[in-house]
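*Asks:*
Protein chains: 2
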Amino acid sequence: MSIEAARRMRRSPAAARENILQAAEQLLVDHGPQALKLVDVAKGAGVSHATVLHHFGSIDGVQTALAEAMIRQLVARVLEAERPDDPHEQLEGVGQVLFDAFESAGGARLAAWLELTGETRRLTLVRAAVEEVISGPMAQKGINPERATNLILVAVSLAMGVGLIGRSLAELVGRPPETTREAALAFLKAGLAAALNE
Amino acid sequence: MSIEAARRMRRSPAAARENILQAAEQLLVDHGPQALKLVDVAKGAGVSHATVLHHFGSIDGVQTALAEAMIRQLVARVLEAERPDDPHEQLEGVGQVLFDAFESAGGARLAAWLELTGETRRLTLVRAAVEEVISGPMAQKGINPERATNLILVAVSLAMGVGLIGRSLAELVGRPPETTREAALAFLKAGLAAALNE
DNA sequence: GCTTCTATTGACATTTTTGTAGATAACTCT
DNA sequence: AGAGTTATCTACAAAAATGTCAATAGAAGC
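Protein chains in written order, with my numbering: chain F, 1 to 198; chain C, 1001 to 1198.
1. For Glu18 of chain F, count neighbouring Cβ atoms within 10 angstroms of its own Cβ and tell me buried if that reaches 16, exposed if not.
2. Rounded to a whole number of angstroms, what is the C-alpha to C-alpha distance between Leu123 of chain F and Leu114 of chain F?
3. Check whether the segment 1016–1033 of chain C and the segment 1043–1053 of chain C touch, using three or more Cβ-Cβ pairs below 8 Å as the test.
4. Quick one: what's got a C-beta closer than 6 Å to Ile71 of chain F's C-beta in the same chain, skipping five residues either side?
5. Which parts of the segment 107–147 of chain F are runs of the alpha helix (DSSP H), unbroken and 4 residues or longer, counting only runs that do not cross its ends?
6. Leaving out the 5 sequence neighbours to the left and right, which residues in its chain are closer than 6 Å to Glu80 of chain F when beta-carbon positions are compared?
7. Would you identify the three-state DSSP class for Ala95 of chain F, choosing helix, strand or coil?
8. Applying the 10 Å Cβ sphere with the 16-neighbour rule, what's the burial state of Ser1012 of chain C?
9. So what does DSSP say about Met160 of chain F, is it helix, strand or coil?
10. Excluding the 5 residues preceding and the 5 following Pro177 of chain F in the sequence, name in chain order all residues of the same chain whose CB lies nearer than 6 Å to its CB.
11. Comparing alpha-carbon positions, which option in C:Ser1135, C:Met1138, C:Gly1095 lies nearest Gly1191 of chain C?
12. Between the segment 1025–1050 of chain C and chain F, which residues of the former have CB atoms less than 7 Å from a CB of the latter, in chain order?
13. Using a Cβ-Cβ cut-off of 7 Å (strictly less than) and excluding sequence neighbours within five positions of Gln1140 of chain C, which residues of its own chain qualify?
14. Let me make sure I understand the geometry here. Which of F:Val29, F:Asp40, F:Ala45 has the alpha-carbon closest to that of Met9 of chain F?
15. Of all the alpha helix (DSSP H) runs that stay within the bounds of the segment 1001–1061 of chain C, which reach a length of 4 or more residues?
16. Could you check whether the Cβ of Asn1144 of chain C sits closer than 9 Å to any Cβ belonging to chain F?
17. Please list, in chain order, the chain F residues whose beta carbon lies closer than 8 Å to that of Arg1007 of chain C.
18. Quick check: the segment 1146–1161 of chain C against the segment 1100–1110 of chain C, are at least 3 beta-carbon pairs closer than 8 Å?
19. Under a CB-based cut-off of 9 Å, is Met138 of chain F close to chain C?
20. What do you get for Ser1157 of chain C, buried or exposed, if any count of 16 or more other CB atoms within 10 angstroms of its CB means buried?
21. Find out if the Cβ-Cβ distance for the pair Ala1128 of chain C, Val1075 of chain C is shorter than 9 Å.
22. Distance, Cα to Cα, Thr1204 of chain C vs Leu1038 of chain C?
23. Sorted by chain position, which residues of the same chain lie with C-beta nearer than 6 Å to Ile20 of chain F's C-beta, five sequence neighbours on each side aside?
24. Just to confirm, is the Cβ distance from Gly1032 of chain C to Arg1109 of chain C under 9 Å?
25. Counting only beta-carbon atoms, is Arg1011 of chain C nearer than 9 Å to chain F?
26. Determine the chain C residues that contact Ser157 of chain F at a beta-carbon separation under 7 Å, and present them in chain order.
27. Between Val1097 of chain C and chain F, is any beta-carbon pair separated by less than 9 Å?
28. In this structure, does DSSP put Lys189 of chain F in helix, strand or coil?
29. Evaluate Arg1181 of chain C with the Cβ neighbour count: other Cβ atoms within 10 Å of its Cβ, from every protein chain shown; 16 or more gives buried, anything less gives exposed.
30. Can you find a C-beta in chain C that's less than 9 Å from the C-beta of Gly118 of chain F?
31. Report the rounded CA-to-CA distance for Asn144 of chain F versus Leu188 of chain F, giving the unit in angstroms.
32. Kindly list, in the order they appear in chain C, the residues whose Cβ is closer than 8 Å to that of Thr64 of chain F.
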């Protein structure tokens, strides 16, 4: 019998955690928070569930770490893309970036999960990001902080909603899934332009 | 010892189901889908968990019934309020109603839950509602179906986002919780007006 | 009052999920 | 090569969650 037991792999602690978190994220995005079971995460990561516990202590530890990692990703993705200086391009860009962030990689699902679980405390990262945008790009254009904040609140909420239910909503009414996103993007762009030209 | 065992209460099947579903909804709204445990639902309803099973067959049965009931509520609430004939009032109203529906009674949480669980199939009710609005109030104002659909998609998505994370988002950046809702309402109103006057 | 029906329950049984412990093996350093 | 460190595993144990069943007790009809 040449059934050769796959040689056991030993990763660095960081790599092991990373691998496990990726599996967990996959599960969260694909099947929702309910699917975040110890054994399933382990199976997805290709390790035993004891290994998961070794690295995260408990299933809660996994969830906490996952939330933190995803938030970090999300914020980083948004901030990174806050580059262009041409106002028009930027206007276009801010929507794109926001929508991308919340749609791809399950950003909206992350947020929904956090909200549903009531774990909205450790979002200091998000707060910092918002303040960075307000005092950075938007201040440059002479928008007062209050109005800037409002615009951001609306834009983020919209991105959230679109990212979470946009696709299925469109399909529900018999349109291609990207319809919502495109419509929202146009709507947001128009609204922002109007608000800025006042 | 005058500890008198509380007299066992016997409800009609309908009342019993209703009572249990209310407890379940409370749990869902307060602590998220993860908290929808058989025993907790039973405790909230003041009955034994065997009773819950008797009425719903399984925990899945509870979840399914709850989802259906909440969707029914949500759709009814939105459609009911689609009354006023004055365009302006209606414009104001559609936003109000939508936002209310998604914010109060955990409408947004319901939607998020459904989406996260991938149970977006049994939303035929929603589809019907959308079509009713498109062919009713919006057609009266001479908006073509395609554009009407787009507007609805955006409005619903926004309401969803605001209902789900609006409050905590505002608090996160140090504003009163209603800030997001108000800003979004204004934004939506302006956007709709612009779209209609084109 | 008596019977019938069934909502309700406590006690038990099963399955699922999480956590523990000791042994093993992969990698690093000397 | 040899030793030490620890990531990983298997096997077991505990806890949590779901589900079953037979007995009880409200309510309605006779």
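Note that beta-carbon positions come from the ideal geometry of N, C-alpha and C, so glycine has one too.
*Replies:* Result, derived from the coordinates:
1. Classified as exposed, Glu18 of chain F has fewer than 16 neighbouring CB atoms from the shown chains inside 10 Å of its CB.
2. Using only the alpha carbons, I get a separation of about 10 Å.
3. Three or more beta-carbon pairs separated by less than 8 Å link the segment 1016–1033 of chain C to the segment 1043–1053 of chain C, which places the two stretches in contact.
4. Excluding residues within five positions, the ones whose Cβ falls inside 6 Å are Leu125.
5. Scanning the segment 107–147 of chain F for uninterrupted alpha helix (DSSP H) segments of 4 residues or longer gives 107–117, 124–133, listed from N- to C-terminal end.
6. A distance below 6 Å between beta-carbons, with the five flanking residues on each side excluded, links Glu80 of chain F to no residue of its chain.
7. Sequence check: residue 95 of chain F is Gly here, not Ala. Here Gly95 of chain F sits in helix by DSSP.
8. Classification for Ser1012 of chain C: exposed.
9. The three-state secondary structure of Met160 of chain F, taken from DSSP, is helix.
10. Excluding residues within five positions, the ones whose Cβ falls inside 6 Å are Arg167, Ala170, Glu171.
11. Checking every option, the nearest Cα to that of Gly1191 of chain C belongs to C:Gly1095.
12. Listed by position along the chain: His1031, Gly1032, Pro1033, Gln1034.
13. So the list is empty, once near-sequence residues are dropped.
14. Scanning F:Val29, F:Asp40, F:Ala45 for the CA closest to the CA of Met9 of chain F turns up F:Ala45.
15. Entirely contained in the segment 1001–1061 of chain C, the alpha helix (DSSP H) runs reaching 4 residues are, in chain order, 1013–1031, 1038–1045, 1049–1056.
16. Chain F contact via Cβ: absent.
17. Neighbours of Arg1007 of chain C on chain F: none; closest Cβ ~36 Å, over 8 Å.
18. Counting Cβ pairs under 8 Å, three or more are found: they touch.
19. Chain C contact via Cβ: absent.
20. Counting other Cβ atoms within 10 Å of its Cβ, Ser1157 of chain C reaches 16 or more and is therefore classed as buried.
21. In this structure, Ala1128 of chain C places its C-beta atom within 9 Å of the C-beta atom of Val1075 of chain C.
22. The structure shown does not extend to residue 1204 of chain C, since chain C spans only 1001 to 1198, so no value can be given for it.
23. Cβ within range, chain order: Ala45, Val52.
24. In this structure, Gly1032 of chain C sits near Arg1109 of chain C, with a CB-CB distance shorter than 9 Å.
25. No, Arg1011 of chain C does not count as interfacial toward chain F.
26. For Ser157 of chain F, the chain C residues whose C-beta falls within less than 7 Å of its own C-beta are Leu1158, Gly1161, Val1162, Ile1165, Gly1166, Leu1169, Thr1180, Ala1184, listed in chain order.
27. Chain F contact via Cβ: absent.
28. Lys189 of chain F carries a helical assignment under DSSP once its states are collapsed to helix, strand and coil.
29. Residue environment: Arg1181 of chain C is assigned as buried (16 or more neighbouring CB atoms within 10 Å of its CB, all protein chains considered).
30. So, interface residue.
31. Roughly 19 Å separates the two Cα atoms.
32. Near Thr64 of chain F there are no residues of chain C at all, since even the closest Cβ is about 14 Å away, more than 8 Å.
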